[in-house]
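Enquirer: Top to bottom, those sequences are chains A and B. In terms of our numbering, the numbers along the first sequence are unbroken and rise by one, the last being 349. In terms of our numbering, the numbers along the second sequence are unbroken and rise by one, the last being 584. Even glycine gets a Cβ: it sits at the ideal position worked out from N, Cα and C. These figures come from a predicted structure and were not determined experimentally. Structure below; questions to follow.
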Amino acid sequence: MHMVDDLLYSQILSFAGFLPKKVVYTKDIAPLGSIPRKIDFERLTGIKSHREVGDGQGSVELAYEASIMALKRGNLEPEDIDLVINCSVSKLDTECNQILEPSFASFLVERLGAINADHFDVSNACSGMITALKVADMYIKTGMAKHVLVTSGEYTSPVIYEAQKVSFWLNPNAVPSLSVGDGGGAYLLGVSSDPKMLRFGEPQTLAQYDSYCVADAAIGAPGPRMRTRGKALHKAAIKQLIPSFQRVVKLLELDWLEIDHIITHQTSVKVIERGNDIAVGAFGQCKCYHICVDETGNTASTTHAVALEKGLEENHFNAGEDVLLHSYGSGLSIFIAHFIIPQGVKSWL
Amino acid sequence: MVIIAAWADGKITAKNNIRDCAKLARKACKEANISLQEIDVVIYSGVYRPNFRSEPSCASHIQSKLDIRCHDLELSSEHCFSFDIIDGSRGVHRSIQTVSHLIEQLEVKNALIVCADVKPSKQSKWPYQNHALAMVLSRNDAGLKFVSSEYKGGKLSAYTKSSFDTKKKVSVITYFGDSSNVEEIKEEREFTSDSSSLGSVQMRDFLLWSQNKKGNLKHTIVDRAGSISVTNWKV
């Protein structure tokens, strides 16, 4: 699939990542000796802690908090929004019940008071956010919407506690469930006359890997469970890394060494560092790659937004700088977005 | 222009829903006279999935079952893209609109939309029959042409969630509020679907109705919460 020239363009007006307050340490959920073969999970992944929802928080509330922040930063009110697209994987309410119909986005629209907003969900695992950004981009380019809120709330921590109840000896595919964390993310999109404000690589699904990470309802207990063939998925993802970067660099005519910020899917510190080492061998050392997973865990579709928020807090971003968001999602879905940091970013915090 | 090149529908089982959906997709592709390897995009628009599956996308499972361009990435390899769109029974309209955008803005020539719903768990209350509709959409001028769509939101008066049945020890569907029931209305140029049916059945009924029609046609879906989607077509 290749891009075709467009007449109308979109841009990211603002973004936000939200983390609930409660900090849970990896040493407490995966102490030494709890995983077979004396694996030190913290050392294996580099994840020291993650966040978990508090009372009265579920996926909607996480998405809501991020959405409110993005709206404020974009100087828009909820009633200014034409379309809300949600891309949460978890879609759990505060009682761990999955929101089914009509859509998660309809709950969020009601909560936000976005009375003029159309709404629906895009679901594509951890690539859901980039997929939803592309769908939003298309609505703007066709003139069907002027302001689109792309949002997600990931209340994923129940899979940790489901995994803890099973034997890791008998269910080694439950071990990767210990790497997740809760979080929210939101991007506000508007119209632009500049074609380079928000662009995308070619979307790809390598469906031969579709069974490598699967989440269903837990058996005999409330909430979801996730099973992941961690090593095999990691191997498959690493295999695609350089071709995916080479293709996007060529398509968007980017100079790898000139990209200001690179944010890959936040699965584990070790995986990101290994990916960076491979990329350095192929292209040279990039200017800056971001890691937040050590403090947040893998927050599914919100990982890039959470990493962007951390970058904001650490004063990494200046208006006009470019960011490459590289997503991997179960499926195996690969999708890359490239955008320019909007004006006013320095006044957001 | 985007047309529905061919479609196929039928009952499916919860246990083998992906296999059954893939079978319908093969049938639709055969009727459209296109090879599976010519499919650029797969979109799945069902709400109710076996055992409340939340990842990966059901579209990727169908792509895998159909073995559409399932190979690793290379510098110039061709790939298919799969994802799900969820919008209650309006999801099928939303998927058609999205394919229309993809065909306009990416070099997408053929897309597969599968709208399917199954009883998520045996213990769930399920007033429907498991059903799927597979449609092949192509960039073409001859056939049922998609022109545009409009969407109107309603109050969130009725919705569904999963919940854990502590006696049966399993997750089931829980229904909240009173869903708005709109009966089927067939006029000369407009078709309003029976809102008590699944989205795939609502779309199938429109496709059957449209078979001997000419000119501009309109299809309306009203979802459980009273939100409306209207698609405009031309034959």
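Identify, in the order they occur along the chain, each residue of the same chain with its Cβ nearer than 6 Å to the Cβ of Val457(B), setting aside the five sequence neighbours on each side.
Expert: One-based indexing of the second sequence puts residue 457(B) at position 108. Taken in chain order, the residues that qualify are Asp389, Val390 and Leu451.
Enquirer: Can you give the Cα-Cα distance for Ser347(A) and Cys419(B), rounded to whole angstroms?
Expert: Here residue 347(A) refers to the residue found at position 347 of the first sequence. Here residue 419(B) refers to the residue found at position 70 of the second sequence. Distance between the alpha carbons of Ser347(A) and Cys419(B): 46 Å.
Enquirer: Counting contacts by CB-CB distance shorter than 9 Å, is Asn97(A) in contact with chain B?
Expert: Residue 97(A) sits at position 97 when you count from the first residue of the first sequence. Closer than 9 Å to some Cβ of chain B, the Cβ of Asn97(A) qualifies, so yes.
Enquirer: Since Trp558(B) is in the alpha helix (DSSP H), which residue starts that stretch and which ends it?
Expert: As a first step, residue 558(B) is located in the second sequence; it is residue number 209 there, counting from the start. That run of the alpha helix (DSSP H) goes Gly548 to Ser559.
Enquirer: Can you grab the Cα-Cα spacing for the pair Met3(A) / Gln454(B), in whole Å?
Expert: Position 3 of the first sequence, counted from the start, is the residue given in the question as residue 3(A). Position 105 of the second sequence, counted from the start, is the residue given in the question as residue 454(B). Confidence at Met3(A) is low in this model, with a pLDDT of 48, below 50, so its placement is unreliable and the value that follows should be read with caution. Computed Cα separation, rounded: 7 Å.
Enquirer: From Glu499(B) to Thr580(B), what distance separates their C-alpha atoms?
Expert: If you number the second sequence from 1, residue 499(B) lands on position 150. If you number the second sequence from 1, residue 580(B) lands on position 231. Cα-Cα distance, rounded: 7 Å.
Enquirer: To the nearest angstrom, how far is it from the Cα of Asn366(B) to the Cα of Lys165(A)?
Expert: The residue labelled residue 366(B) in the question sits at position 17 within the second sequence. The residue labelled residue 165(A) in the question sits at position 165 within the first sequence. Straight-line Cα distance between these residues: approximately 29 Å.
Enquirer: List the endpoints of the continuous alpha helix (DSSP H) containing Met138(A).
Expert: Here residue 138(A) refers to the residue found at position 138 of the first sequence. First-last of the alpha helix (DSSP H) with Met138(A): Gly128 to Lys141.
Enquirer: Can you list, in chain order, the residues of its chain with a C-beta nearer than 7 Å to that of Val519(B)? Leave out the 5 residues immediately preceding and following it.
Expert: Working through the second sequence from its first residue, we reach residue 519(B) at position 170. Cβ neighbours of Val519(B) beyond the five flanking positions: Ser470 and Gln472.
Enquirer: Taking all protein chains shown into account, do 16 or more other C-beta atoms lie within 10 angstroms of the C-beta of Val148(A), making it buried, or fewer, making it exposed?
Expert: Here the question's residue 148(A) lines up with position 148 in the first sequence. Val148(A) should be labelled buried.
Enquirer: Would you kindly check if the distance between the Cβ of Gln98(A) and the Cβ of Lys510(B) is under 9 Å?
Expert: In the second sequence, the residue the question calls residue 510(B) occupies position 161. In the first sequence, the residue the question calls residue 98(A) occupies position 98. Yes, they are a contact pair.
Enquirer: Do the region 405-414 of chain B and the region 322-331 of chain A meet, that is, are 3 or more Cβ pairs less than 8 Å apart?
Expert: Counting Cβ pairs under 8 Å, three or more are found: they touch.
Enquirer: Counting only beta-carbon atoms, is Tyr9(A) nearer than 9 Å to chain B?
Expert: On the first sequence, residue 9(A) is found 9 positions in, with the first residue counted as 1. So, not an interface residue.
Enquirer: What would DSSP say about Trp348(A), mapped onto helix, strand or coil?
Expert: The residue you call residue 348(A) lines up with position 348 of the first sequence. Residue state, collapsed to three classes: coil.
Enquirer: Under three-state DSSP, which class holds Phe168(A)?
Expert: On the first sequence, position 168 is the one that residue 168(A) refers to. Coil.
Enquirer: Nearest to Asp358(B) by CA position, among Asn530(B), Gln551(B), Asn382(B) and Gln386(B), is which residue?
Expert: Along the second sequence, one-based indexing puts residue 358(B) at 9. Checked all of Asn530(B), Gln551(B), Asn382(B) and Gln386(B); the closest Cα to Asp358(B) is Gln551(B).
Enquirer: Should Asp5(A) be labelled buried (16 or more other beta-carbon atoms within 10 Å of its own) or exposed?
Expert: Here residue 5(A) refers to the residue found at position 5 of the first sequence. In this prediction, Asp5(A) has a pLDDT of 49, which is less than 50 and means its spatial position is unreliable; what the coordinates show is noted afterwards. By the neighbour-count rule (16 or more Cβ atoms within 10 Å), Asp5(A) is not buried but exposed.
Enquirer: Using a Cβ-Cβ distance cut-off of 9 Å, determine whether Ala16(A) contacts chain B.
Expert: Against the first sequence, residue 16(A) aligns to sequence position 16. No, Ala16(A) does not count as interfacial toward chain B.
Enquirer: Which residue marks the beginning of the alpha helix (DSSP H) containing Cys407(B), and which one marks its end?
Expert: Position 58 of the second sequence holds residue 407(B). Residues Cys407 to Leu415.
Enquirer: What residues of chain B sit near Lys141(A), judged by a beta carbon separation below 9 Å?
Expert: Walking along the first sequence from the start, residue 141(A) turns up at place 141. His450, Glu453 and Gln454, listed in chain order.
Enquirer: Comparing C-alpha positions only, which one of Ile445(B), Glu536(B), Ile534(B) and Phe540(B) sits nearest to Val485(B)?
Expert: Residue 485(B) sits at position 136 when you count from the first residue of the second sequence. With distances taken between Cα atoms, Val485(B) lies closest to Ile445(B).
Enquirer: Step through the CB atoms of chain B and report whether any lies within less than 9 Å of the CB of Ser123(A).
Expert: In the first sequence, counting from the first residue as 1, residue 123(A) sits at position 123. Chain B, which has a Cβ nearer than 9 Å to the Cβ of Ser123(A), makes this yes.
Enquirer: State the DSSP-derived secondary structure class of Phe283(A), mapped to helix, strand or coil.
Expert: Taking the first residue of the first sequence as position 1, residue 283(A) is located at position 283. The answer is helix: DSSP assigns Phe283(A) an H, G or I state.
Enquirer: Can you confirm whether Lys468(B), when its beta carbon is compared against all beta carbons of chain A, has any partner nearer than 9 Å?
Expert: The residue labelled residue 468(B) in the question sits at position 119 within the second sequence. No, Lys468(B) does not count as interfacial toward chain A.
Enquirer: Starting from Ile68(A) and walking both ways along the alpha helix (DSSP H), at which residues does that stretch end?
Expert: In the first sequence, residue 68(A) corresponds to position 68, counting from 1. Run containing Ile68(A): Ser59 to Arg73, per the alpha helix (DSSP H) assignment.
Enquirer: Starting from Thr509(B), find everything on chain A with Cβ-Cβ shorter than 7 Å and list it in chain order.
Expert: Looking up residue 509(B) in the second sequence gives position 160. Those are Leu100 and Glu101, listed as they occur along chain A.
Enquirer: For Gln478(B), would you say it is in contact with chain A, using Cβ-to-Cβ distances shorter than 9 Å as the test?
Expert: In the second sequence, residue 478(B) corresponds to position 129, counting from 1. Taking Cβ atoms only, chain A never reaches closer than 9 Å to Gln478(B), which makes this a no.
Enquirer: Using a Cβ-Cβ cut-off of 9 Å, state whether Thr362(B) counts as contacting chain A.
Expert: Start at 1 with the first residue of the second sequence, and residue 362(B) comes out as number 13. So no, Thr362(B) is outside the interface.
Enquirer: If the criterion is Cβ atoms closer than 9 Å, does the pair Phe513(B) and Pro158(A) meet it?
Expert: Locating residue 513(B) in the second sequence gives position 164, where the first residue counts as 1. Locating residue 158(A) in the first sequence gives position 158, where the first residue counts as 1. No. Outside cutoff.
Enquirer: Closer than 7 Å by beta-carbon distance: list the chain A residues that pair up with Thr447(B), in chain order.
Expert: Position 98 of the second sequence, counted from the first residue, corresponds to residue 447(B). Near Thr447(B) (Cβ distances below 7 Å), the residues of chain A are Val135.
Enquirer: Could you tell me which residues DSSP puts in a beta bridge with Cys288(A)?
Expert: Within the first sequence, residue 288(A) is the residue found at index 288, counting from 1. DSSP lists no partner for Cys288(A).
Enquirer: Does Ala217(A) have its Cβ less than 9 Å from a Cβ in chain D?
Expert: The structure shown contains no chain D; its protein chains are A and B.
Enquirer: Please list, in chain order, all residues of the same chain as Ser544(B) whose beta carbon is under 6 Å from its beta carbon, the five residues on each side excluded.
Expert: Indexing the second sequence from 1 puts residue 544(B) at position 195. Asn530, Val531 and Val571, listed in sequence order.
Enquirer: Taking the straight line between their C-alpha atoms, what separation do you get for Ile352(B) and Ile392(B)?
Expert: In the second sequence, residue 352(B) corresponds to position 3, counting from 1. In the second sequence, residue 392(B) corresponds to position 43, counting from 1. Approximately 16 Å between the Cα atoms of the pair.
Enquirer: Assuming Ser244(A) is part of the beta strand (DSSP E), what are its boundary residues?
Expert: Stepping through the first sequence from its first residue, residue 244(A) is reached at position 244. Here Ser244(A) belongs to no beta strand (DSSP E); instead the alpha helix (DSSP H) covers Gly230 to Leu251.
Enquirer: Alpha helix (DSSP H) containing Glu355(A): first to last residue?
Expert: This structure does not reach residue 355(A), given that chain A is present from 1 up to 349, and the question cannot be answered.
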